[in-house]
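When the letters of the sequence shown are read in order and numbered with the numbering used here, they come out as residues 1 to 451. All C-beta atoms, glycine included, are put in the ideal place defined by N, C-alpha and C. Here is the structure we will look at.
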Amino acid sequence: METVEKSSEKSEAMDGTKDPAQVHQDEVDALRAKVAQLEHERDTQRDKKLAFKVQATRLGDALRACRELALEKGLDLRGVGVVEEKAASEAISEDTDAADTSKENGNSSKATPALTALRAEAEKHGWLIQPKIVELHEQLGHGATADIYRGQWHGLDVAVKCLRPTCFGENMEGVDVFVREVEVLSKQRHPYVLKLYATVLSPPEHAWIITEYLAKGTLMQWLHGTKKREWKRIIPLPPLIQRLQIATEISIGMQYLHGRNPVVMHRDLKPSNIFLDENLHVRIADFSFSRYKLSDKEVYTGETGTYLYMAPEVMRHDYYDEKCDIYSFAIMLCELVTGHPPYIDDYMTPVQIACGVADGSLRPTITEDVKPPLKSLITKSWDQIPSKRPTFAEITATLKIATNEAIQKAANPEPVEQSSIRHVHAAGEQIHDFFSGFLGKNHTITTPPSS
């Protein structure tokens with residue numbers, strides 16, 4: 001036997017070949033060694049990433065604390081948010097073992113640095129959920145980049161705003177708007193501001209905002225009975241008291257946003273962005289265009305919002321601040337008290353309206369039945385000069401007085417007989433004035449004495 005093995009080894013050495021089975025085994029052993037090496041490197045990188053992530057989170061918390069302290073002392077912090085976001089986005093990178101988590105987290109290659117940072121923030125504070133626990137039902141509406149559905153989550157009726165997957169293409173502007181809206185909503189807690197429940201951040205298929213569901217729909221629908229601008233009213237005008245109460249609640253909600261530190265500028269205040277619950281209490285919604293104002297020295301110049309409600313300084317691309325929201329509210333208040341959409345009776349194109357508003361020559365029509373205090377409030381709030389516009393605290397105080405007066409008037413109506421007599425005499429005086437002007441000053445018209 002020993003003689004045979006030696007001869008076999010001798011023959012292999014002579015012809016330079018190896019047993020195929022042995023060659024295969026050697027290759028397998030080499031691959032196993034390589035896999036073991038890669039697994040060790042992966043575990044090492046994972047531990048480093050975890051440590052770096054913890055450090056980045058602590059750094060972000062420290063930066064936020066410094067920002068709050070500096071703001072309290074009145075320091076200028078322009079640019080600090082950029083540093084913080086860059087630190088967070090660089091620290092919280094894509095997971096190296098994406099093969100194990102891609103089904104839960106979505107395609108990581110579609111996540112922008114801002115979206116990745118937002119995901120970490122949502123996970124940290126407990127409002128990041130998986131799409132499988134949300135049921136989507138009928139569609140409620142749609143915007144430029146997202147569709148809104150009624151849904152259910154843990155037995156709650158919710159509204160689900162779903163960013164379209166096509167937004168994760170070459171133009172990522174829709175993703176930036178989505179991230180900004182979540183960032184702002186997640187930090188607001190007020191009865192008249194839309195409440196954020198959770199988010200789904202698994203792009204590109206699942207980038208969702210889950211909020212409370214408001215059964216009454218938008219203020220636009222409640223006031224006009226339609227989602228579109230109509231010249232002819234298709235539903236009865238709701239009572240003035242209700243309209244004033246809604247205006248007051250919007251003002252209170254905006255007073256809260258403008259009182260935040262830093263100030264929250266909505267920048268797209270309009271009836272279709274105000275929602276109503278079952279009891280007709282408001283929720284200010286759609287923070288897609290909102291911005292933080294980090295200091296009194298910080299101003300903006302970009303054109304943002306909806307033309308019919310856009311402030312003149314925004315249209316002109318001038319410097320502007322939170323006073324642009326006051327203007328937008330004034331247009332909406334005029335719409336509430338008159339019952340007419342702005343510029344509906346002017347037969348003008350959007351460009352003509354924009355030009356007229358920008359140069360100060362055009363504002364919506366205030367009907368004669370609007371009481372002087374309300375008319376004065378509206379005209380002050382849409383003043384061409386932003387600094388002359390009142391604050392939301394001042395607007396709220398005036399609206400509360402107007403609402404109380406309307407309630408008292410409804411509780412103590414004027415007797416019908418006296419009211420009718422006064423209206424008849426007023427009509428008679430108008431007829432007398434008309435015919436006097438028509439016939440000329442030399443003609444005398446005799447009217448019977450009043451009883």
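Beta strand (DSSP E) containing residue 159: first to last residue?
Against the sequence shown, residue 159 aligns to sequence position 159. Run containing residue 159: 156 to 163, per the beta strand (DSSP E) assignment.
Taking DSSP as the reference, what is the three-state secondary structure of residue 97?
Numbered from its first residue, the sequence shown carries residue 97 at position 97. Note that residue 97 scores a pLDDT of 38, beneath 50, so its modelled location is shaky; the value from the coordinates is reported in the next line. In this structure, residue 97 counts as coil in the three-state DSSP scheme.
In the DSSP assignment, find the unbroken alpha helix (DSSP H) run with residue 256 in it and report its ends.
Position 256 of the sequence shown, counted from the start, is the residue given in the question as residue 256. Segment 240 to 258, the alpha helix (DSSP H) holding residue 256.
Can you tell me whether DSSP reads residue 269 as helix, strand or coil?
Along the sequence shown, read from residue 1 onward, the residue named residue 269 stands at position 269. Three-state DSSP puts residue 269 in coil, outside helix and strand.
Tell me which same chain residues have a C-beta within less than 7 Å of the C-beta of residue 343, skipping the five on either side of it?
Here residue 343 is taken as the residue at index 343 of the sequence shown, counted from 1. Only 308, 353 and 364 meet the Cβ criterion.
Just verifying my parser: in three-state terms, what is the DSSP assignment at residue 339?
Position 339 of the sequence shown, counting from 1, holds the residue named residue 339. Correct three-state label for residue 339: coil.
For the 8 Å Cβ check, are there 3 or more pairs between the region 142 to 149 and the region 217 to 234?
Judged by pairs of C-beta atoms under 8 Å, the region 142 to 149 does not touch the region 217 to 234, as fewer than three such pairs exist.
So what does residue 135 bridge to, in DSSP terms?
Translated into positions along the sequence shown, residue 135 becomes position 135. Note: residue 135 sits in a beta bridge opposite 152.
Going by Cα to Cα distance, which pick from 290, 180 and 165 is closest to residue 206?
For the purposes of this step, residue 206 is identified with residue 206 of the sequence shown, where counting begins at 1. Comparing Cα-Cα distances from residue 206 to each of 290, 180 and 165, the minimum goes to 165.
Mind checking which residues open and close the alpha helix (DSSP H) that includes residue 231?
Numbered from 1 along the sequence shown, position 231 holds the residue referred to as residue 231. Counting along the chain, residue 231 falls outside any alpha helix (DSSP H), and DSSP gives it neither H nor E.
Below 8 Å on the Cβ atoms is my guess for residue 251 versus residue 396; work out the distance and round it to an integer in Å.
Within the sequence shown, residue 251 is the residue found at index 251, counting from 1. Within the sequence shown, residue 396 is the residue found at index 396, counting from 1. Between residue 396 and residue 251 the Cβ distance is about 4 Å, and since that is below 8 Å, they are a contact.
Under the DSSP definition of a beta bridge, which residues are partnered with residue 206?
Translated into positions along the sequence shown, residue 206 becomes position 206. BP columns for residue 206 point to 202.
On the DSSP bridge list, what partners appear for residue 147?
Numbered from its first residue, the sequence shown carries residue 147 at position 147. Residue 147 is bridged to 142 and 162.
Expressed to the nearest angstrom, what Euclidean distance is found between the alpha-carbon atoms of residue 415 and residue 334?
To locate residue 415, count along the sequence shown from 1; it is residue 415. To locate residue 334, count along the sequence shown from 1; it is residue 334. If you take the alpha carbons of residue 415 and residue 334, they lie about 29 Å apart.
Rounded to whole angstroms, what is the Cα-Cα separation between residue 28 and residue 201?
For the purposes of this step, residue 28 is identified with residue 28 of the sequence shown, where counting begins at 1. For the purposes of this step, residue 201 is identified with residue 201 of the sequence shown, where counting begins at 1. Roughly 41 Å between the two C-alpha positions.
Secondary structure at residue 370, three-state DSSP: helix, strand or coil?
Residue numbering aside, residue 370 sits at position 370 when the sequence shown is read from its first letter. The DSSP-derived three-state label of residue 370 is coil.
State the beta-bridge partners of residue 389 as determined by DSSP.
Sequence index remark: in the sequence shown, residue 389 carries index 389 (1-based). Beta-bridge annotation (DSSP): residue 389 is not paired with any residue.
Could you please give me the residues that DSSP links to residue 349 through a beta bridge?
Taking the sequence shown and counting its residues from 1, one reaches residue 349 at position 349. Paired residue(s): none; residue 349 is not in a bridge.
Measuring only the C-alpha atoms, how far is residue 247 from residue 262?
As a working note, residue 247 is residue 247 in the sequence shown. As a working note, residue 262 is residue 262 in the sequence shown. If I take the Cα positions, the gap works out to 24 Å.
With a CB to CB cut of under 6 Å and the five nearest residues on each side skipped, what residues in its chain are close to residue 237?
As a position in the sequence shown, residue 237 is number 237, starting the count at 1. Result list for residue 237: 339, in chain order.
Only counting the same chain, and skipping five residues up and downstream in sequence, which positions put a Cβ closer than 6 Å to that of residue 273?
Indexing the sequence shown from 1 puts residue 273 at position 273. So the qualifying residues of the chain are 285 and 286.
Buried or exposed: where does residue 161 fall if 16 or more other Cβ atoms within 10 Å of its Cβ makes it buried?
Locating residue 161 in the sequence shown gives position 161, where the first residue counts as 1. It counts as buried.
On the three-state DSSP scale, how would you describe residue 116?
Along the sequence shown, one-based indexing puts residue 116 at 116. Helix.
Going straight from the alpha carbon of residue 180 to that of residue 410, what length do you get?
Working through the sequence shown from its first residue, we reach residue 180 at position 180. Working through the sequence shown from its first residue, we reach residue 410 at position 410. Taking the straight line from one Cα to the other gives about 44 Å.
Counting pairs of beta carbons, one from the region 120 to 139 and one from the region 147 to 156, are three or more of them closer than 8 Å?
yes
Less than 8 Å separating the beta-carbons of residue 158 and residue 197?
Taking the first residue of the sequence shown as 1, we reach residue 158 at position 158. Taking the first residue of the sequence shown as 1, we reach residue 197 at position 197. Taking C-beta atoms as the reference points, residue 158 and residue 197 count as a pair closer than 8 Å.
With contact counted as at least three CB pairs below 8 Å, one residue from each stretch, are the region 209 to 225 and the region 304 to 324 in contact?
no
From this set, 255, 35 and 350, which residue's C-alpha is nearest residue 189's C-alpha?
Start at 1 with the first residue of the sequence shown, and residue 189 comes out as number 189. Considering only alpha carbons, the answer is 255.
Closest to residue 234 by CA distance: which of 382, 341 and 41 is it?
The count along the sequence shown starts at 1 and reaches residue 234 at position 234. Here the closest residue by C-alpha is 341.
Could you tell me if residue 359 is buried or exposed, where buried requires 16 or more neighbouring beta carbons within 10 angstroms of its beta carbon?
Along the sequence shown, one-based indexing puts residue 359 at 359. Residue 359 should be labelled exposed.
Going by DSSP in three states, residue 196 sits in which element: helix, strand or coil?
As a working note, residue 196 is residue 196 in the sequence shown. Strand at residue 196.
Pick from 240, 41, 373 and 155: whose alpha carbon is nearest that of residue 406?
Translated into the one-based positions of the sequence shown, residue 406 becomes position 406. Per the Cα distances, 240.
Leaving out five residues before and five after residue 270 in sequence, what residues of the same chain have Cβ atoms less than 6 Å from its Cβ?
Indexing the sequence shown from 1 puts residue 270 at position 270. Contacts found: 306 and 309.
Compare the beta carbon distance of residue 326 and residue 390 with 8 Å and say whether it is the shorter of the two.
Counting from 1 along the sequence shown, the entry for residue 326 is found at position 326. Counting from 1 along the sequence shown, the entry for residue 390 is found at position 390. Result yes, Cβ atoms of residue 326 and residue 390 sit closer than 8 Å.
How far does the alpha helix (DSSP H) with residue 178 in it extend, from its first residue to its last?
Locating residue 178 in the sequence shown gives position 178, where the first residue counts as 1. It spans 173 to 185 - the alpha helix (DSSP H) in which residue 178 sits, taken as one unbroken run.
Less than 6 Å between C-beta atoms, sequence neighbours within five positions excluded: which residues of the same chain meet that for residue 336?
Walking along the sequence shown from the start, residue 336 turns up at place 336. Hits under 6 Å: 243 and 247.
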